[in-house]
Amino acid sequence: MADYAKLLEAGLAAVAGACRVTRAVQANMQAVARIVKDDKSPVTVADYASQAVVAWALRERLGGELILVGEETSAFLRNPENAGHLAATVEAAREAWPDVTEDALLLAMDDGAGDPHHAAFWTLDPIDGTKGFLRGGQYAVSLCYIERGLPVVGVLGCPNLARDFSAPVDRPDRHGTIYFCIKGEGVYEMGADEGGEDPPRSGRPPKSGGAPRRITRLAHREEDPITLCTSVEESHSNFDQTGRVMADLAARGIKQREAVRIDSQAKYAVVARGQADVYLRMPTKKGYQELIWDHAAGALIAAESGVAVTDIEGRELDFSQGRHLSKNRGIVAAPPRVHGELIGAIGRVLGAG
Numbered sequence: 000m001a002d003y004a005k006l007l008e009a010g011l012a013a014v015a016g017a018c019r020v021t022r023a024v025q026a027n028m029q030a031v032a033r034i035v036k037d038d039k040s041p042v043t044v045a046d047y048a049s050q051a052v053v054a055w056a057l058r059e060r061l062g063g064e065l066i067l068v069g070e071e072t073s074a075f076l077r078n079p080e081n082a083g084h085l086a087a088t089v090e091a092a093r094e095a096w097p098d099v100t101e102d103a104l105l106l107a108m109d110d111g112a113g114d115p116h117h118a119a120f121w122t123l124d125p126i127d128g129t130k131g132f133l134r135g136g137q138y139a140v141s142l143c144y145i146e147r148g149l150p151v152v153g154v155l156g157c158p159n160l161a162r163d164f165s166a167p168v169d170r171p172d173r174h175g176t177i178y179f180c181i182k183g184e185g186v187y188e189m190g191a192d193e194g195g196e197d198p199p200r201s202g203r204p205p206k207s208g209g210a211p212r213r214i215t216r217l218a219h220r221e222e223d224p225i226t227l228c229t230s231v232e233e234s235h236s237n238f239d240q241t242g243r244v245m246a247d248l249a250a251r252g253i254k255q256r257e258a259v260r261i262d263s264q265a266k267y268a269v270v271a272r273g274q275a276d277v278y279l280r281m282p283t284k285k286g287y288q289e290l291i292w293d294h295a296a297g298a299l300i301a302a303e304s305g306v307a308v309t310d311i312e313g314r315e316l317d318f319s320q321g322r323h324l325s326k327n328r329g330i331v332a333a334p335p336r337v338h339g340e341l342i343g344a345i346g347r348v349l350g351a352g
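Using numbering that gives the first Met the number 0, the letters of the sequence shown map in sequence onto residues 0 to 352.
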C-alpha cells in the first residue's frame, strides 16, 4: 500500500510551489504579455510553469517512477517559434524552482504524459479556470493521486480564495488557501502562503502551532435557503437546464439565495466550507464527457468535508476510465439532504424534455 502521508507531503509542496508561480505571473500579466507579444500568454506561461514545478517537486520528494496525467505537454514550448514563451515559462518557474533550466523544464513537462490506465497515478490541472486567471478572479491548481480508480490523496490550491469565510468568494484575496486530504481522514485548509518547504506530513494538522484547520460541512437545515455556486462562463454548464432545476426546487418550497458565480474547482471548496450549498454542472451537449483533472481533487475535497458528490444521475464518479469520466454525466455536489432534492429535480426536468 502506498504511503499516503508521504504522497500528501509531496503534493502539498508541489501545489504550494505552483501557487507561488501562478500568483507571481498573475501579478505581472502585462509584463509577461509584452515579452511574448500575446495578450493571452500569461495564462499559457503560468499553465506550463505550474505543471513543470509540480512534476519537479513530486519527483524531488518521491523519487522513482512518476506517473502524472497532466493537461499540458511540452510540444508547444519545444517549437522554435515559441521561444519567447519558453523563456518566460522558465523565468516564471524560478519562483519555486530557482535553478531550473530550459532542458530541465521541458523534461518535467514530459512527465505529464502518464498513462491514466495505470493502477495508480497523479492527475493535474495546473491552472483550472484559465479565464478566471486572466480576469484576476478565482482559479485553482488541482492535484490528485488516484489508486484503482479512486481519488485517495487530494490537494487543491486556490490562490485567490480567502480563508475568511465572511469574505465574498468572488473577491480575490492576496493570500489564498490550499485544501488537502487523505481519503477517510477528513479535509483541512491552510493559507497558500503557509505551504512552504515543510508542510504538514499527514492529513491531520500539527499538534501545536500549526496553521491548518479542519473543514466540516454542516448539515443543511430544511428551513434554510440554499445557495448555488456556478460558473462564470456559460460554456461550462447548461445554464438553461440549471435554471429549470432550481426553479423546480423553488416550486416545491425550497428557498434560494442569489447564486455565487466563480471559476474553477474553487467551487468545490466553497461548497465544502458552507459558503454555498450546491455545485451543479449540467452537460452542455449530448455525449460531453468531463475530464478527470477537472474534478478529481475538488470532488475528493468536497466529499471528505461531508458533501455528497455524484453525477446528475446520482452515480459515483468513476475515475478508472482514462482521461474522461466516460461513465458519468455532469456533476452534482451538495450536502446529502439537498443532494437528494437536486437529483429528484434533475430527473423531473430532463424527463420533461
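For each residue, glycine too, the CB sits at the ideal point set by N, CA and C.
Source: prediction; values computed, not measured.
Cα-Cα separation between residue i and residue j, rounded to whole angstroms
{"i": "residue 65", "j": "residue 185", "result": "26 Å"}
{"i": "residue 354", "j": "residue 50", "result": "The structure shown does not extend to residue 354, since the chain is modelled only from 0 through 352, so no value can be given for it."}
{"i": "residue 24", "j": "residue 340", "result": "42 Å"}
{"i": "residue 325", "j": "residue 253", "result": "32 Å"}
{"i": "residue 346", "j": "residue 248", "result": "12 Å"}
{"i": "residue 351", "j": "residue 240", "result": "11 Å"}
{"i": "residue 267", "j": "residue 333", "result": "9 Å"}
{"i": "residue 117", "j": "residue 292", "result": "15 Å"}
{"i": "residue 343", "j": "residue 309", "result": "13 Å"}
{"i": "residue 311", "j": "residue 236", "result": "12 Å"}
{"i": "residue 264", "j": "residue 229", "result": "10 Å"}
{"i": "residue 120", "j": "residue 71", "result": "16 Å"}
{"i": "residue 258", "j": "residue 226", "result": "6 Å"}
{"i": "residue 28", "j": "residue 105", "result": "22 Å"}
{"i": "residue 14", "j": "residue 67", "result": "14 Å"}
{"i": "residue 276", "j": "residue 335", "result": "10 Å"}
{"i": "residue 278", "j": "residue 109", "result": "33 Å"}
{"i": "residue 1", "j": "residue 181", "result": "12 Å"}
{"i": "residue 306", "j": "residue 148", "result": "20 Å"}
{"i": "residue 103", "j": "residue 282", "result": "39 Å"}
{"i": "residue 54", "j": "residue 222", "result": "47 Å"}
{"i": "residue 206", "j": "residue 213", "result": "A caution first: residue 206 carries a pLDDT of 36, below 50, which makes its placement in the model unreliable, though a value can still be read off. Distance between the alpha carbons of residue 206 and residue 213: 13 Å."}
{"i": "residue 173", "j": "residue 138", "result": "13 Å"}
{"i": "residue 12", "j": "residue 251", "result": "46 Å"}
{"i": "residue 80", "j": "residue 73", "result": "13 Å"}
N- and C-terminal bounds of the alpha helix (DSSP H) containing residue i
{"i": "residue 141", "result": "Per DSSP, residue 141 belongs to no alpha helix (DSSP H); it is in the beta strand (DSSP E), 139 to 146."}
{"i": "residue 300", "result": "295 to 304"}
{"i": "residue 23", "result": "3 to 26"}
{"i": "residue 229", "result": "No alpha helix (DSSP H) holds residue 229; the beta strand (DSSP E) holding it covers 227 to 229."}
{"i": "residue 239", "result": "238 to 250"}
{"i": "residue 89", "result": "82 to 92"}
{"i": "residue 43", "result": "40 to 61"}
{"i": "residue 76", "result": "74 to 77"}
Range covered by the beta strand (DSSP E) that runs through residue i
{"i": "residue 179", "result": "176 to 181"}
{"i": "residue 149", "result": "149 to 157"}
{"i": "residue 188", "result": "186 to 190"}
{"i": "residue 213", "result": "212 to 214"}
Bridge partners - residue i, DSSP secondary structure assignment
{"i": "residue 283", "result": "For residue 283, which the question treats as bridged, DSSP gives no partner whatsoever."}
{"i": "residue 323", "result": "290"}
{"i": "residue 111", "result": "Paired residue(s): none; residue 111 is not in a bridge."}
{"i": "residue 331", "result": "279 and 309"}
{"i": "residue 121", "result": "67 and 144"}
{"i": "residue 259", "result": "228"}
{"i": "residue 127", "result": "139"}
C-beta atoms of residue i and residue j nearer than 7 Å
{"i": "residue 301", "j": "residue 337", "result": "no"}
{"i": "residue 262", "j": "residue 131", "result": "yes"}
{"i": "residue 144", "j": "residue 88", "result": "no"}
{"i": "residue 152", "j": "residue 61", "result": "no"}
{"i": "residue 158", "j": "residue 135", "result": "no"}
{"i": "residue 57", "j": "residue 4", "result": "no"}
{"i": "residue 274", "j": "residue 168", "result": "yes"}
{"i": "residue 166", "j": "residue 190", "result": "no"}
{"i": "residue 348", "j": "residue 244", "result": "yes"}
{"i": "residue 129", "j": "residue 31", "result": "no"}
{"i": "residue 176", "j": "residue 188", "result": "yes"}
{"i": "residue 296", "j": "residue 76", "result": "no"}
{"i": "residue 299", "j": "residue 115", "result": "no"}
{"i": "residue 367", "j": "residue 231", "result": "Any answer about residue 367 is impossible in this case: the structure gives the chain only from 0 up to 352."}
{"i": "residue 272", "j": "residue 330", "result": "no"}
Hey, is the segment 12 to 24 in contact with the segment 93 to 106, meaning 3+ C-beta pairs nearer than 8 Å?
yes
I'd like to know if the segment 151 to 167 and the segment 312 to 324 are in contact, where contact means that at least 3 CB-CB pairs between them fall below 8 Å.
no
Answer yes if the segment 117 to 124 comes into contact with the segment 214 to 223, meaning at least three C-beta pairs across the two stretches below 8 Å, and no otherwise.
no
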